[in-house]
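> Keeping their order, the protein sequence lines are chains A and B.
The letter at position 18 of the first sequence is residue 187 when you use the numbering used here, and the numbering goes up by one with no holes.
The letter at position 184 of the second sequence is residue 187 when you use the numbering used here, and the numbering goes up by one with no holes.
Let me give you the structure first, and then I'll get to my questions.
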Amino acid sequence: MTAAGTTRSGRAGVRALLWMVLAAMMLCAQSGRDSYRDAYRAWREADPNLERDAATGGAQLGVRADRVTAEAAKYCEERRAFLDRFARESEQKLAWLEIPTEAAPALPAGATDYISTRTAAVRRGIDKVANDPDPRIQQVRSMLERENIALSALSAAMAARQKAAEQVDLAMGAIEPARLKALELNRAFAAGTKLTGQGAAAEATAWGEYYRKLSDGARGVSATGPVSSLIPSRPADPGPRSAPSVAPLPLVRYTGDWTYPAKGLYHGPQPEFVDLVVREDNGRCDGRMVARFILPPGSPADPVLRFEFSGEFRNSTRQQTFPLTTGDGAKGTIDLIPGGAFNLLEINVQIAANPGKIRQANVVLIKK
Amino acid sequence: MVRKVREKRRHADFARGVRWGKLVAAGMLAAGVFAPAVLPQAAPADPSVSARETAAKRTAEWEALAKTLDAKIARMLPCDPRAKAAIEEVSRSSEARMAALGEVLKIALAQANADAERVRLALAAEDASLREVETERADSEQERVAVDGQLADLTASAKRREGLEEARKKLADIEAITTSRVKDADDLFQLRATLDISLRDLLAAGHARQTAIQNEQAALVAEASRWTDYYAVRLARAQTECSITGPAALPQRKKG
């Protein structure tokens, strides 16, 4: 094959690859929002006058409502599938955030002790022959002086490298908190998207129930009587059951996922973000918190606070206090204080931390 | 004269107090610490692991030669050609050590570059993700408007037919859910925007890491040059000692 032939064949290969990529992109676009949007359009266009005709539709309205119910269910399912996929893809795209950054290569320090000893020995040699009048010995002395200068330069170079190595350590130290924060946010986003998807699935049930009630109402059938619907009748929803509380307030006032809202309330160090998770199992509390604080410019302190806590809920006090342990082993306590509204929680954190670490935080959080 | 020079050499010898054990221990510790830190994450063929092992080995070799250099020379006559060879051998070993350390930093920089590029690409893809979340919000809002319309129609119908009140209540519940979904979409957008900022922080930290490693590389090159200078001066001293005590010097001394 000639060179020109090879080039042509190569170009054809690249072109084929580009077409494949384009086709794959179109397929992705098709499998993106289009499915649920098509389903949405089909639902909305199935019977746009259903509610308007409800007062006069009579028995026919039931059949119409059943058809719309099916379209609504299809839409909710497509939407749930899309949101699940979106959450999964989002998680996978940034899955590399799960991998901790490799530590900086700590090179051998550079034989500082060796240089000190050599320098001391050379200086002793210089002193020893300093007053020797022999010109040949003075030549040796001159060489020792040069050696001393070379050792000083070496010592300075080693110190410079050591300083540069410390800067690498510092830079590495800044990467991990940034990675962890991005990781937490990505997880929170994926969880939020999944939750929205679950909501879409629950909405299918709500729509089914609505269209059944609409059909019943239009036909003048008692809401509790047997009905014809694609959505089978279910026992009446008993509503949220309140679990027996082991604290003076319902446990839901403490448990759940909490976050620091924009322009939120705080005392002490200003939070940039706070993510608190509180769980309860058999009267026992388990929680973890990740937060980052805005420190004064140039502050060498670590702005990231990460800890876990656990303990028994107490029935005697509204404020629940639990012992905590930070990521680097420092101990402290966290107070969980339910706020005035059901979705507010004040936290008060005290830590016997090392210098350069966050020691206290007082923030009002909002339930996610 | 020979005695004087030998005596002076002894003063310039490695003192017994040189903490060689400490240096060797540091080398071994470095090798011991790096290996477990890296092995669980990487295959044994990981170039960074082998580069660190090589650096530790070269450092140990240089230490062994440097430790014995002056003791070795002290036993030789000033013009013994083995003295020059011994200094040159330590100098070569020092260069090999520095080259091995340079290789470790080169690999670390390559890793830092790759990490920063990954963050950069993720940030580029974030624009698309943000647009998706924005679309999500718009779709939710569109649905809420549609449900509002349904509710308005049904409220009008319920005024004419009492039996529709239950359905109207249920639709009002759904309307509340769709409104809340718009709020959730807002929150998700906010979260994604914060993630975007966070990735930008990560990228900035990655760039700082690249710069710091480059600076350490430059410092290592400068240090290597100083080691070469030092051994050159050390060799020059040995040659001076030879020239003033060697066979060529002795007749001149007689003449003088």
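The beta carbon of each residue, even a glycine, is placed where N, CA and C say it ideally should be.
State yes or no: is the beta carbon of R121/B nearer than 8 Å to at least one beta carbon in chain A?
Here residue 121/B is taken as the residue at index 118 of the second sequence, counted from 1. Chain A, which has a Cβ nearer than 8 Å to the Cβ of R121/B, makes this yes.
> With 8 Å as the threshold, decide whether the Cβ of R240/B is near any Cβ in chain A.
Indexing the second sequence from 1 puts residue 240/B at position 237. Yes, contact with chain A.
> Which residues, taken in chain order from the stretch 356-377 of chain A, show a beta carbon closer than 9 Å to some beta carbon of chain B?
Going along the stretch 356-377 of chain A in chain order, one finds A357, F358, G361, T362, L364, T365, G368, A369, A371, E372, A375 and W376 with a Cβ nearer than 9 Å to chain B.
> Check this for me: beta carbons of T494/A and F476/A, under 8 Å apart or not?
Within the first sequence, residue 494/A is the residue found at index 325, counting from 1. Within the first sequence, residue 476/A is the residue found at index 307, counting from 1. Yes, the pair counts as a contact, with Cβ atoms nearer than the cut-off.
> Pull up the distance between the alpha-carbon of A161/B and that of A375/A, whole angstroms please.
Sequence index remark: in the second sequence, residue 161/B carries index 158 (1-based). Sequence index remark: in the first sequence, residue 375/A carries index 206 (1-based). Taking the straight line from one Cα to the other gives about 19 Å.
> Using a cut-off of 7 Å between C-beta atoms, extract the partners of K160/B located in chain A.
Translated into the one-based positions of the second sequence, residue 160/B becomes position 157. Per the sequence presented here, residue 160/B reads as Ser, with Lys not at that position. Here the neighbours are E220, R221, A223 and A224.
> Assign S132/B to one of three DSSP states: helix, strand, or coil.
The sequence position of residue 132/B within the second sequence is 129, counting from 1. Helix at S132/B.
> Suppose you measure from the CA of G35/B to the CA of S53/B; what does that come to, to the nearest Å?
If you number the second sequence from 1, residue 35/B lands on position 32. If you number the second sequence from 1, residue 53/B lands on position 50. Caution applies to G35/B, whose pLDDT of 41 falls short of 50 and renders its modelled position unreliable; the model cannot decide the point.
> Could you check whether the Cβ of A28/B sits closer than 8 Å to any Cβ belonging to chain A?
The count along the second sequence starts at 1 and reaches residue 28/B at position 25. The predicted position of A28/B is uncertain, since its pLDDT is 40 and thus under 50; a value taken from the coordinates is nonetheless stated next. No - not a single Cβ of chain A is within 8 Å of the one on A28/B.
> Taking the alpha carbon of E316/A as the point to measure from, which residue in A224/A, R293/A and P217/A has its own alpha carbon closest?
Working through the first sequence from its first residue, we reach residue 316/A at position 147. E316/A has its Cα closest to that of R293/A, out of A224/A, R293/A and P217/A.
> Tell me whether the beta-carbon of R388/A lies closer than 8 Å to the beta-carbon of G227/A.
Along the first sequence, one-based indexing puts residue 388/A at 219. Along the first sequence, one-based indexing puts residue 227/A at 58. In this structure, G227/A lies closer than 8 Å to R388/A by Cβ.
> Quick test of your reading: T362/A and L191/B, contact by CB under 8 Å. State the CB separation rounded to the nearest angstrom.
In the first sequence, the residue the question calls residue 362/A occupies position 193. In the second sequence, the residue the question calls residue 191/B occupies position 188. About 6 Å; that satisfies the 8 Å criterion.
> Quickly, what does DSSP pair C454/A with across the bridge? List them, please.
On the first sequence, residue 454/A is found 285 positions in, with the first residue counted as 1. Per DSSP, E449/A and G480/A.
> Using the beta-carbon count (16 or more within 10 Å), is D471/A buried or exposed?
Position 302 of the first sequence holds residue 471/A. Result: buried.
> When you check each C-beta in the stretch 177-197 of chain B against every C-beta of chain A, which residues fall closer than 9 Å?
So the close ones are I177, I180, T181, S183, R184, D187, A188, D190, L191, Q193, L194, R195 and T197.
> When you compare the CB of R229/B with every CB in chain A, is at least one pair closer than 8 Å?
On the second sequence, position 226 is the one that residue 229/B refers to. Yes, its Cβ sits closer than 8 Å to a Cβ of chain A.
> Kindly identify the DSSP beta-bridge partner or partners of F442/A.
For this step, residue 442/A is matched to residue 273 along the first sequence. DSSP, once it has assigned bridges, lists R461/A as partnering F442/A.
> I need the boundaries of the beta strand (DSSP E) containing L505/A, first residue and last residue.
Position 336 of the first sequence, counted from the start, is the residue given in the question as residue 505/A. That run of the beta strand (DSSP E) goes K500 to P507.
> Using a Cβ cut-off of 7 Å, pull out every chain A residue sitting near I216/B, in sequence order please.
As a first step, residue 216/B must be located in the second sequence, where it is residue number 213. Per Cβ cutoff of 7 Å: V337.
> So who's on the other strand from P492/A, going by DSSP bridges?
For the purposes of this step, residue 492/A is taken as the residue at position 323 of the first sequence. DSSP, once it has assigned bridges, lists T502/A as partnering P492/A.
> I'd like to know if the stretch 228-238 of chain A and the stretch 202-219 of chain A are in contact, where contact means that at least 3 CB-CB pairs between them fall below 8 Å.
Flag = yes, the stretch 228-238 of chain A and the stretch 202-219 of chain A touch.
> What's the call for V148/B, buried or exposed, on a 16-neighbour Cβ count within 10 Å?
As a first step, residue 148/B must be located in the second sequence, where it is residue number 145. Flag for V148/B reads exposed.
> My output table needs one value for G431/A: the three-state DSSP class, helix, strand or coil.
Your numbering for residue 431/A matches position 262 in the first sequence. One point to set straight first is that residue 431/A is Ala, not Gly, in the sequence displayed. It is coil, neither helix nor strand.
> Check whether chain A comes within 8 Å of S94/B, counting only Cβ atoms and requiring the distance to be less than that.
Position 91 of the second sequence, counted from the first residue, corresponds to residue 94/B. No, S94/B does not count as interfacial toward chain A.
> So if DSSP puts G425/A in a beta bridge, which residue, or which two residues, is it bridged to?
Along the first sequence, one-based indexing puts residue 425/A at 256. Paired residues: V447/A.
> If you measure from the beta carbon of A329/A to each beta carbon in chain B, is any gap under 8 Å?
Numbered from its first residue, the first sequence carries residue 329/A at position 160. Output row for A329/A: interface = yes.
> Please report the straight-line C-alpha distance between V291/A and K70/B, rounded to a whole angstrom.
Reading the first sequence from its first residue, position 122 is the one you call residue 291/A. Reading the second sequence from its first residue, position 67 is the one you call residue 70/B. The straight-line gap from Cα to Cα measures roughly 16 Å.
> For a contact meaning CB atoms closer than 9 Å, what does G433/A contact in chain B?
Mapped onto the first sequence, residue 433/A falls at position 264. Per Cβ cutoff of 9 Å: no residues; G433/A is ~13 Å from chain B at best.
> List in chain order: all unbroken alpha helix (DSSP H) runs of 4+ residues lying wholly within the stretch 341-366 of chain A.
Those alpha helix (DSSP H) runs which fall completely within the stretch 341-366 of chain A and span 4+ residues do not exist here.
> DSSP state of E244/B, grouped into three classes?
Sequence index remark: in the second sequence, residue 244/B carries index 241 (1-based). The answer is helix: DSSP assigns E244/B an H, G or I state.
> Considering Cα atoms alone, identify which of N451/A, E441/A, S479/A and P469/A is closest to F462/A.
Here the question's residue 462/A lines up with position 293 in the first sequence. The shortest Cα separation from F462/A among N451/A, E441/A, S479/A and P469/A belongs to E441/A.
> Compute every distance between the C-beta of K363/A and the non-hydrogen atoms of the ligand SAH, then say whether any falls below 7 Å.
What this structure holds is no ligand at all, so the ligand SAH is not there to describe.
> For E271/A, which of helix, strand or coil comes out of DSSP?
Taking the first sequence and counting its residues from 1, one reaches residue 271/A at position 102. In this structure, E271/A counts as coil in the three-state DSSP scheme.
> Starting from A67/B, follow the alpha helix (DSSP H) in both directions and report where the run begins and ends.
Here residue 67/B is taken as the residue at index 64 of the second sequence, counted from 1. A67/B -> alpha helix (DSSP H) spans P50 to A77.
> Can you pull the chain A neighbours of D83/B, defined as C-beta to C-beta under 7 Å?
Counted from its first residue, the second sequence places residue 83/B at position 80. Neighbours of D83/B on chain A: none; closest Cβ ~17 Å, over 7 Å.
> In this structure, how does DSSP classify A86/B when only helix, strand and coil are distinguished?
Reading the second sequence from its first residue, position 83 is the one you call residue 86/B. Helix.
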